[in-house]
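Numbering (this note's numbering), first residue to last: 104 to 461. Backbone N, C-alpha and C fix where the C-beta goes; we use that ideal spot for every residue, glycine too. In this text the structure is predicted, and so the values were computed from the model without any measurement.
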């Protein structure tokens, strides 16, 4: 995989006073800041950030907002930041590790599919978002996935070359965490869109050591059984238990807190954390099994990660069709998907849809 190409930021001059030292001099008019700085690069960056925060605050600026502006800019992670482009070649090795890591021997991936010949798992390229540089915050302690959004337009095959580009789409605060949203586009060599994703990564705003305290899962949206929608259950459920060996297979490229207990403890977790890519893949596998071509050609996902999954915890992935609508002469089915532990604790609550009758 080639490294990302990025725009080089201007260097500070020796006599230049950092603008964040003079935050009290902002003149905020209609959401755009006027600065005593001649550098248009930083003025445009700041204007984007302040406009976003100004709108969030309903037209009011405060001391806490000023601190957020300073934090966004000094860490160089801000909405609109271009993260460059990566080139990825899909390999058989990637597919084999996916199959073994999830224990998902779908014949579509190795022999034949309705597309003529084998195709790869629907978002086999999902790990590319982590290869972009310049969008993670400095404090990695306790960082977790919060949400992923996907639009899927076409299948991919082994040997295919993909071009992936990304930017920082948003940055916001949720309780004690700062969240960065990265938007990625996946295209083939001809420039046709294969998929689009938005990944929301959360970082602890203050805590940098000790043990991470996780929210009570019962307090989260969608966590209660009585909150489930009525509808038609999908034709299949997936029941799995991820072991440490499966995590090693799936995350074969490196050692991290998804396959290394010591690395996990360094980040404040008591045990290895099952990667969000593995549980997300259970959602896409469920939808692939039920909808087939209709998920590859028009799948939509909005996945919220509501609780941590640990090794050797059994869980089930299931879905409910909650409605149907006509879209471009085709029928789109709306689905709610859950990944839940045996005690009912939900680790994923997702809204999804796919085309029927493709």
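- Residue 199: member of the alpha helix (DSSP H) spanning 195-205, first to last residue.
- Secondary structure at residue 440: strand, using DSSP grouped into helix, strand and coil.
- Secondary structure of residue 284 (DSSP, three-state): strand.
- A direct Cα-to-Cα measurement between residue 460 and residue 242 gives close to 47 Å.
- Residue 208 and residue 364 have their C-alpha atoms some 28 Å from each other.
- The C-beta distance from residue 376 to residue 406 rounds to 16 Å, too long to meet the 8 Å contact threshold.
- A residue is called buried when at least 16 other Cβ atoms come within 10 angstroms of its Cβ; residue 278 does not meet this threshold and is exposed.
- Of the residues 286, 418 and 400, the one whose Cα lies closest to the Cα of residue 272 is 286.
- DSSP places residue 457 in the strand class (E or B) of the three-state scheme.
- The beta carbon of residue 201 sits closer than 6 Å to those of 224, all from its chain and outside the five residues before and after it, given in chain order.
- Residue burial annotation: residue 206 is exposed, with fewer than 16 other C-beta atoms found within 10 angstroms of its C-beta.
- Per DSSP, residue 392 lies in no beta strand (DSSP E); the unbroken alpha helix (DSSP H) holding it starts and ends at 379-394.
- Put simply, the backbone Cα of residue 306 is about 9 Å away from that of residue 276.
- Secondary structure at residue 364: helix, using DSSP grouped into helix, strand and coil.
- In the DSSP assignment, residue 430 falls within the beta strand (DSSP E) that extends over 417-430.
- With contacts defined as CB atoms closer than 8 Å, residue 419 and residue 340 qualify as a contacting pair.
- By the 16-neighbour rule on beta-carbons within 10 angstroms, residue 417 is exposed.
- Per DSSP, the unbroken beta strand (DSSP E) holding residue 405 starts and ends at 403-408.
- The C-alpha of residue 362 lies about 15 Å from the C-alpha of residue 371.
- Under the DSSP definition of a beta bridge, residue 248 partners with 304.
- The C-beta of residue 342 has fewer than 16 other C-beta atoms within 10 Å across all chains shown, which makes the residue exposed.
- Sorting 198, 250, 294 and 441 by C-alpha distance to the C-alpha of residue 330 places 441 at the top.
- In this structure, residue 187 sits near residue 235, with a CB-CB distance shorter than 8 Å.
- Shortest Cα-Cα distance from residue 302 to any of 312, 253 and 344 involves 253.
- In the structure shown, residue 309 adopts coil according to DSSP, grouped into three states.
- Here the alpha carbon of residue 352 sits roughly 38 Å from the alpha carbon of residue 433.
- Scanning its chain for C-beta atoms nearer than 6 Å, with the 5 sequence neighbours on each side dropped, one finds around residue 204 the residues 349, 352 and 353, in chain order.
- If you check the CB distance, residue 261 and residue 292 do not come in under 8 Å.
- Of the residues 430, 391 and 227, the one whose Cα lies closest to the Cα of residue 422 is 391.
- In this structure, residue 451 sits near residue 386, with a CB-CB distance shorter than 8 Å.
- In this structure, residue 448 sits away from residue 332, with a CB-CB distance that is not shorter than 8 Å.
- By the criterion of a C-beta distance shorter than 6 Å, residue 398 is surrounded in its chain by 390, 391 and 457, once the five residues flanking it on both sides are discounted.
- Nearest to residue 357 by C-alpha distance, out of 195, 444 and 378, is 378.
- Counting C-beta atoms within 10 angstroms of its own C-beta, residue 192 has fewer than 16 neighbours from the protein chains shown and is therefore classed as exposed.
- When the beta-carbon positions are compared, residue 408 and residue 238 stay at least 8 Å from each other.
- Looking from the CA of residue 245, the closest CA among 374, 344 and 218 belongs to 374.
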